[in-house]
Amino acid sequence: MKKTIDLNCDMGESFGQYKLGNDDEVIQYISSANVACGFHAGDPNIMDHTVKIAKEHGVGVGAHPSFPDLSGFGRRNMDIPRDELMNLIIYQIGALDIFCQKYGVKMTHVKPHGNLNNMADSDEQLAINIVDAILSVRPDLPVFVKPHSQLHKVAERKGLPFKLEIFADRAYHKDFSLVSRREEGAVISDPEFVAERIIRMVTEGKVKAITGEEIEVNGETICVHGDTPTALEMIKIIKSRLKEAGIEVKSPFA
294 MKKTIDLNCD MGESFGQYKL GNDDEVIQYI SSANVACGFH AGDPNIMDHT VKIAKEHGVG
354 VGAHPSFPDL SGFGRRNMDI PRDELMNLII YQIGALDIFC QKYGVKMTHV KPHGNLNNMA
414 DSDEQLAINI VDAILSVRPD LPVFVKPHSQ LHKVAERKGL PFKLEIFADR AYHKDFSLVS
474 RREEGAVISD PEFVAERIIR MVTEGKVKAI TGEEIEVNGE TICVHGDTPT ALEMIKIIKS
534 RLKEAGIEVK SPFA
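Each residue of the sequence shown is one higher than the last, beginning at 294 in our numbering.
Written out as structure tokens, the structure reads:
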């Protein structure tokens, strides 16, 4: 059987008159879209358009809930009480689900955005709150998790389906956490280098940490960030290299 892997991208991250990313082009090359739900980016019109083009291209649609942080693009730490945070996540999942219903598509997954995701690498209680929010409304939806993170461990323990995610355009620490965007070298923008790195991660199960150590990795879905300037070129090259290696880009939810 031919090996397959999911290729996901954060989408719908424009806001009103402000455009971010090349969604209409990128959507042609990916298999899963993580759609912003209005709290770090996106608005009702953009959510509507993103679900529409995802359906047209047979791309899986997932919710991309965030901290309520439009001015910081969801990339700032926040301390929000459990019930309030759960309701924020439920609200965002529900908003996207209605647009999915409009277009007759089924939501396929949830991927927390930005620092909601990154903080859940090590914060067990935050991970519990995220998982409990999803379980309370859509226990059928897999959550995208970083291998060995608290979010991964909590999802597994509580029985929430999950998909292991690897990042094409982000540097790793040796503990497999992402290097902060505030640090030099955190974002990798060379498409050829990124493609070679991904092929090694997928075929050999290894990646080099920013400090040089070899770390083992297991991924079921590859992320490219839509706001990376070279995202479109990067996605094209990654998909081409995967094909050359005999690996098909395909949604696990198809």
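Cβ coordinates follow ideal geometry from the N, Cα and C atoms, glycine included.
- Ala448 is the residue among Lys395, Ala448, Lys399 whose C-alpha sits nearest the C-alpha of Ala413.
- A contact is defined here as three or more CB-CB pairs under 8 Å, and the segment 503–523 meets this definition with respect to the segment 463–483.
- Of the residues assessed, Ser442 falls on the buried side of the cut-off, its CB having 16 or more other CB atoms within 10 angstroms.
- In this structure, Lys345 is the residue among Ile492, Lys345, Arg368, Gly452 with its C-alpha nearest to the C-alpha of Gly397.
- Here Val510 carries a coil assignment [DSSP, helix/strand/coil].
- Setting aside the 5 residues that flank it on each side, Glu306 is surrounded in the same chain by Leu313, Gly314, Ala329, Ala334, Gly335, Gly519, Asp520, each with a C-beta closer than 7 Å to its C-beta; the list follows chain order.
- Under DSSP, Met494 forms no beta bridge with any residue.
- For the options Gly365, Lys532, Gly367, Ala388, the alpha carbon positioned closest to that of Val354 is the one of Ala388.
- Residue environment analysis places Tyr322 among the buried positions, since at least 16 neighbouring C-beta atoms fall within 10 angstroms of its C-beta.
- Annotation: Asn338 to Met304 spans about 13 Å, alpha carbon to alpha carbon.
- Lys296 and Pro374 have their alpha carbons spaced roughly 42 Å apart.
- DSSP, reduced to helix, strand and coil, places Gly407 within a helical segment of the structure shown.
- Your pair Leu444 and Ile423 checks out as a contact, with CB atoms roughly 6 Å apart and the cut at 8 Å.
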